[in-house]
Every structure is written in structure tokens, then in C-alpha cells.
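Engineer:
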Amino acid sequence: MSLKEGLQKLLKVQDVDLELKSLEEAKSKYPAEISRRQAEITRAEDGLKELTDRLEELERRRRHLERELDSAREQLKKLEARFSEVKTNKEYDALQLEVEACKNKMSEYEGEILEIIESGDGIREKVELETQDVGDLQQEQQARIDELQAKLDSLQGEVDGVESQRQAAIKGVDGSLLRSYENTRGGRGLTVAPVRKGSCGACYRQLPAQIKTIVRRSEEIVICESCGAIMAWDDESSKN
Ligand SMILES: [Zn+2]
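Counting from 41, one number per residue, gives the positions in the sequence shown under our numbering.
#1: At a cut-off of 7 Å, is S266 close to ligand 1 when judged by its beta-carbon and the heavy atoms of the ligand?
#2: Counting only the same chain and skipping the five closest in sequence on each side, list residues whose C-beta sits under 7 Å from that of V174.
#3: What does the alpha-carbon distance come out to for the pair M41 and L50?
#4: Would you say I153 and E106 are within 8 Å of each other, going by their C-beta atoms?
#5: Work out the CA separation of D186 and L192 for me, nearest whole Å.
#6: Can you give me the Cβ contacts of K211 inside the same chain, cut-off strictly under 8 Å, excluding the 5 residues immediately before and after it?
#7: Quick one: residues in its chain with C-beta nearer than 8 Å to the C-beta of K143, no 5 flanking neighbours on either side, listed in chain order?
#8: Could you tell me the alpha carbon to alpha carbon distance between A249 and R206, rounded to whole angstroms?
#9: If you compare alpha carbons, which of K118, S75, V262 and E125 is closest to L47?
#10: Between V202 and V56, how many whole angstroms is the CB-CB distance? I'm expecting something under 8 Å.
#11: Confirm, please, whether the CB-CB distance from L58 to G268 is below 8 Å.
#12: At 4 residues or longer, what runs of the alpha helix (DSSP H) sit wholly inside the segment 212-273?
#13: Between the Cα of Q181 and those of R77, P71 and E73, spot the shortest distance and give me the residue it belongs to.
#14: Could you tell me how far apart the beta carbons of V126 and Y132 are, in whole angstroms, since I believe they sit closer than 8 Å?
#15: Distance check for Q178 and D214, CA to CA, integer angstroms please.
#16: For G241, is the classification buried or exposed, using 16 other Cβ atoms within 10 angstroms of its Cβ as the cut-off for buried?
#17: By a C-beta neighbour count over all protein chains shown, 10 Å radius and 16 as the cutoff for buried, is T231 buried or exposed?
#18: To the nearest angstrom, report how far apart Y70 and W273 are at their CA atoms.
#19: Write down every uninterrupted run of the beta strand (DSSP E) in the segment 97-130 whose length is 3 residues or greater and which is fully enclosed by it, in chain order.
#20: If you drop the 5 nearest sequence neighbours on each side, which residues of the same chain put their C-beta closer than 8 Å to that of R245?
#21: Between L98 and K166, is the Cβ-Cβ spacing less than 8 Å?
#22: Per DSSP, what kind of secondary structure is M41 in: helix, strand or coil?
#23: Apply the 10 Å Cβ neighbour rule to L247 and answer buried if 16 or more other Cβ atoms are within range, or exposed otherwise.
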């Protein structure tokens, strides 16, 4: 393959590469949005979990207090039964103190149980509301995530297609020419630029007549002094 043909092929490779680049750019936006939406779901779920954990903790505490209350009640019965056996005032006073202490403990337990029931009701109400909200959010975000994932998948399909086009386009292009193409970064996103009206097709800098001739004859690789693009001559380059 002559240098001229090679350069013309490179122009096609470049078209494919530009398409690939814009596909990759479009593709790169989706994963960030998907994980942002997933994080939103997780945050909502965590908030709900915190509430239900709190509720469970309160229930455990309430069951514990109720057991304590039961045994205090038993204790009180036993203490009260002993009144019939007391013989002295001193014994009576001591027993009375024990009874008081036991009753105090019981009313402490009852007080705390009431508090738990009250705040439990509040939390249960919140849980009910949030369960609904989280469900809505999950549904809404998941629908959008699925949509984004489908777009991502179809973009990937397009990328795969364009990549195989690229494989076909570079077939037969000289290795060193391909390397110069890969290593060059030209202006306006163009690495290889066709000559247009005697100027570089990427930056429009006028080419000196002598350089133009070299490009036209494709004697050697010419790099635009202004933007660094590899100069190529195609059918349209001859038109003025
Ligand atoms: Zn240029």
C-alpha cells in the first residue's frame, strides 16, 4: 500500500475513531449516574433500617422490663404475706421499707414501659410512612437505573460494532504510519487532516507551495507546523 493510500485509509480510521470517542464519552456518563441513584436508594434504606433497629431495641427493653415487673410483683406478694408473721415493730418497719422499695421499683418499671410504648408508637408511625416513601423511591430510582443500564448496554453494542469497523479500516495500513497516527495529537481533535484549498483541513493554516507538493505526491509524512496534524491528500484536496 502506497503512502497516499495509507493516508487516505487513515482518514477513514479517524472517522471511526471520532465516532468511538463520542460513544465512549456518552457511555462514561452513565455509570456515575447509576451509582449516584443506587447510593440514594441505599441511603433511604439505611435510614429506615435505623428506625426499625431502634424499634426492635425498644421492644427488647420493654420485654425485659415486663419480666422485671412480673418478678417484682411476685416479690411484693411474698413480702406482703410476711406481714402476718411479724412479731415486733422493728420487723414490721423493716418489712414495710422492703415493700416500699419494691413498689418504687415497680412504678419505675411501669413508668419506663409507658414511655417505651409511647415513643414506640411514634417510631412505628414513622416506619410506616418511610416504608412507603422508600418503596416509592426504590421503584422510581430502579426504573431509571434500568433505563440507564439498557442505554449503556446498547451503547456498548454500538462501540463493539464500531470497533470491528476500525479493525477493518486499519487493515493493510503500514505499521509505522499507524504508529505516527496513534502518537500524534492534532488540532481540533483531528490527528490526520486532509488538505483543503491549499490549507490544513484541521487548523486552516495555508501550506507553503513546496510542502503542498510534497503532500500531493505523498512522498513523505508531513506534519502541519501549526497544529501537528498529519497531512493527507484526497480527491477533494485537488479542488480549489
Ligand atoms: Zn494544521
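Using N, Cα and C, we set each Cβ at its ideal position, and we do this for glycine too. For clarity, every value in this text was computed on a predicted model and none was experimentally measured.
Structural biologist: The structure says:
#1: yes
#2: A84, E85 and L88
#3: 12 Å
#4: yes
#5: 10 Å
#6: none
#7: L116
#8: 33 Å
#9: V262
#10: 6 Å
#11: no
#12: 215-223 and 249-257
#13: R77
#14: 5 Å
#15: 54 Å
#16: buried
#17: buried
#18: 39 Å
#19: none
#20: S239, C264, E265, S266 and C267
#21: no
#22: coil
#23: buried
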